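Data block below; observations after.
In the numbering used here, the protein residues as written are 5 to 491.
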């Protein structure tokens with residue numbers, strides 16, 4: 005009896021342990037990514053978005069390999085959708101439907117989402133839905149393609165952009181209102197649709213991927229900022245703002261508006277290196293800020309083979325914009341510094357980006373300045389290159405917010421993908437429009453590595469798996485038998 009009782013107790017103990025392991029494993033779910041490039045790990049920004057969800061999100065994938073361009077990346081996209089669900093299983097449910105294996109269920113869901121293949125609607129999509137809001141993410145939004153290897157062959161996926169596309173879709177269906185960004189025009193600002201090196205088309209693409217609505221605002225032709233504007237972007241003006249325009253912008257900020265100002269040091273035409281005024285100096289002064297008449301020089305942080313006015317700025321981590329980017333670098337070129345008043349009633353200002361202690365603000369910009377060296381009249385580092393400010397309103401209206409950067413080149417097509425320029429800009433926009441949940445390091449495109457084998461190599465690998473492993477096991481068994489027989 006004792007022996008049988010011990011056996012029963014041991015079995016029960018094992019069952020209890022198994023139940024506990026399953027319960028704790030379900031409640032405290034954890035995944036490990038052992039890939040060399042952390043292929044299946046989410047970015048800090050995506051994790052923040054998923055963990056902050058307070059409403060249900062449904063992800064339904066209809067992706068099937070029909071031989072279409074990029075279909076070779078479908079296994080990776082499928083695995084990524086599983087990672088999204090695992091990050092917040094309480095709020096995210098994912099279903100991956102195969103129309104070939106389960107046509108009835110696929111047809112039902114396609115009708116539910118209003119997708120009709122008979123009228124030409126694409127079915128290689130992932131549907132992201134929350135409540136009554138829905139967004140389709142097409143396969144070509146989730147991959148970047150290489151050229152096909154030959155005539156008639158579908159292009160293969162070079163890299164995976166699915167994480168950013170799916171995270172943006174979740175943002176879109178879970179926000180109350182789509183933020184509207186207006187790029188100011190009329191003062192020589194950089195164009196958001198310009199594709200040359202100094203243009204902002206790549207920044208615009210990144211903002212549109214986050215489901216932000218972009219348009220322009222002709223300040224010269226308007227007496228006020230249009231209603232429902234979530235953010236005004238002033239990117240590198242080369243001509244001064246007039247008093248009426250400045251007043252319209254000040255009224256907008258006072259009513260809780262948001263402004264991103266990228267201000268290059270522009271020489272006054274016909275002068276000997278004097279920096280031209282922007283016409284916004286009085287407005288900035290009301291916020292306790294001023295743009296210094298200098299060009300920041302930082303030889304200690306200048307990359308090799310670059311001029312000393314192009315340097316790596318350091319992000320300061322005491323503000324939501326840079327909290328998760330503290331210590332990361334931003335490459336700036338021909339920047340001016342920003343001075344912050346010690347105290348300003350109702351204004352909270354924080355330095356976001358600064359130069360090193362060895363830097364200086366060069367104020368001798370005329371033709372007579374034959375050498376670049378620190379002078380007594382220059383501003384000594386560290387110098388603020390970017391500042392965020394928030395103005396509390398006594399009447400309870402939303403606070404006005406302003407981010408000012410002494411360089412517009414960091415947002416240009418040439419520089420936006422250098423160091424963490426893109427992350428800094430996207431975080432600045434997210435904070436300005438009140439999307440704090442999307443702050444953090446954005447996802448990087450995942451490079452897809454493929455192993456291509458010849459027919460001989462494939463045969464050898466298959467033969468080794470089918471015949472080699474069993475033959476090795478038999479040989480080891482015979483060797484063991486022979487040794488025992490020889491004793």
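Glycine included, C-beta positions come from ideal geometry on N, C-alpha and C.
If you're wondering where the values come from, they're calculated on a predicted model, not measured in any experiment.
| query | result |
| --- | --- |
| Determine, using beta-carbon pairs with one atom in the stretch 55 to 69 and one in the stretch 128 to 144, whether at least three such pairs fall under 8 angstroms. | yes |
| Which of helix, strand or coil does DSSP assign to residue 484? | helix |
| DSSP three-state label for residue 11, please. | helix |
| Answer with buried or exposed for residue 241, where buried requires no fewer than 16 other C-beta atoms within 10 angstroms of its C-beta. | buried |
| Do you know offhand how far residue 485's Cα is from residue 20's? | 41 angstroms |
| Tell me which residue opens and which closes the alpha helix (DSSP H) that residue 144 is part of. | 143 to 146 |
| Are the beta-carbon atoms belonging to residue 393 and residue 353 less than 8 angstroms from one another? | yes |
| State the start and end residues of the unbroken alpha helix (DSSP H) segment that holds residue 207. | 205 to 213 |
| Would you tell me roughly how many angstroms separate the C-alpha atoms of residue 38 and residue 91, rounded to the nearest one? | Any reading at residue 38 needs caution, since the residue's pLDDT is 48, under 50, leaving its predicted position unreliable; the model's value is listed next. Their Cα atoms are separated by approximately 17 angstroms. |
| Which residues in the same chain as residue 383 place their Cβ atom closer than 8 angstroms to its Cβ, once the five residues preceding and following it in sequence are excluded? | 296, 298, 341, 364, 365, 367 |
| Which whole-angstrom value describes the C-beta separation of residue 358 and residue 386, a residue pair presumed to lie in contact below a C-beta threshold of 8 angstroms? | 5 angstroms |
| Could you check if residue 95 belongs to the surroundings of the ligand MN, using beta carbon to heavy atom distance under 7 angstroms? | The ligand content of the structure shown is nil, which means the ligand MN is not present either. |
| Return the Cβ separation of residue 1 and residue 436 in integer angstroms, given the expectation that the two are a contact with Cβ distance under 8 angstroms. | The question about residue 1 has no answer, for the chain in this structure spans 5 to 491. |
| Tell me the DSSP secondary structure of residue 45 in three-state form. | coil |
| Which same chain residues, not among the five before or five after residue 448, have their C-beta less than 8 angstroms away from its C-beta? | 47 |
| So which of 378, 208, 109, 186 has the shortest CA-CA distance to residue 236? | 186 |
| In terms of DSSP beta bridges, what is residue 1 paired with? | Beyond the ends of the chain as shown, which are 5 and 491, falls residue 1; an answer cannot be given. |
| Grab the span of the alpha helix (DSSP H) containing residue 78 for me, first residue to last. | 78 to 91 |
| Name the residue from 471, 470, 150, 418 whose alpha carbon lies nearest to the alpha carbon of residue 201. | 418 |
| Quick check: the stretch 166 to 181 against the stretch 193 to 208, are at least 3 beta-carbon pairs closer than 8 angstroms? | no |
| With 16 as the cutoff for other CB atoms within 10 Å, does residue 18 come out buried or exposed? | exposed |
| For residue 350, which of 388, 395, 229 has the nearest alpha-carbon? | 395 |
| Kindly list the residues whose CB is nearer than 6 angstroms to the CB of residue 482, restricted to its own chain and excluding five residues on each side of it in sequence; keep chain order. | none |
| Does residue 478 pass the burial test, meaning 16 or more other C-beta atoms within 10 Å, or should it be called exposed? | exposed |
| In whole angstroms, what is the alpha-carbon distance linking residue 345 and residue 199? | 38 angstroms |
| Using a Cβ-Cβ cut-off of 6 angstroms (strictly less than) and excluding sequence neighbours within five positions of residue 176, which residues of its own chain qualify? | 139, 215 |
| Check residue 435 in the structure and name its three-state DSSP category. | helix |
| Looking at the secondary structure, which residues open and close the alpha helix (DSSP H) in which residue 401 lies? | That residue, residue 401, is in no alpha helix (DSSP H); it is neither H nor E in DSSP. |
| Please identify the residue among 313, 434, 119, 79 whose C-alpha is closest to the C-alpha of residue 323. | 434 |
| Quick one: is residue 262 buried, meaning 16 or more other Cβ sit within 10 Å of its Cβ, or exposed? | buried |
| Within the same chain, show all residues whose beta-carbon is closer than 7 angstroms to that of residue 239, passing over the 5 residues directly before and after it, in chain order. | 187, 193, 194, 204, 266, 412, 415 |
| Return the first residue and the last residue of the alpha helix (DSSP H) that residue 112 is part of. | 107 to 116 |
| Please report the distance separating the alpha-carbon of residue 77 from that of residue 100. | 15 angstroms |
| Just grab the DSSP bridge partners of residue 315 for me. | 336 |
| Determine the direct distance from the alpha carbon of residue 329 to that of residue 426, and round the result to whole angstroms. | 12 angstroms |
| At which residue ranges does the stretch 265 to 314 contain complete beta strand (DSSP E) runs of 3 or more residues, listed in the order of the chain? | 293 to 295, 299 to 301 |
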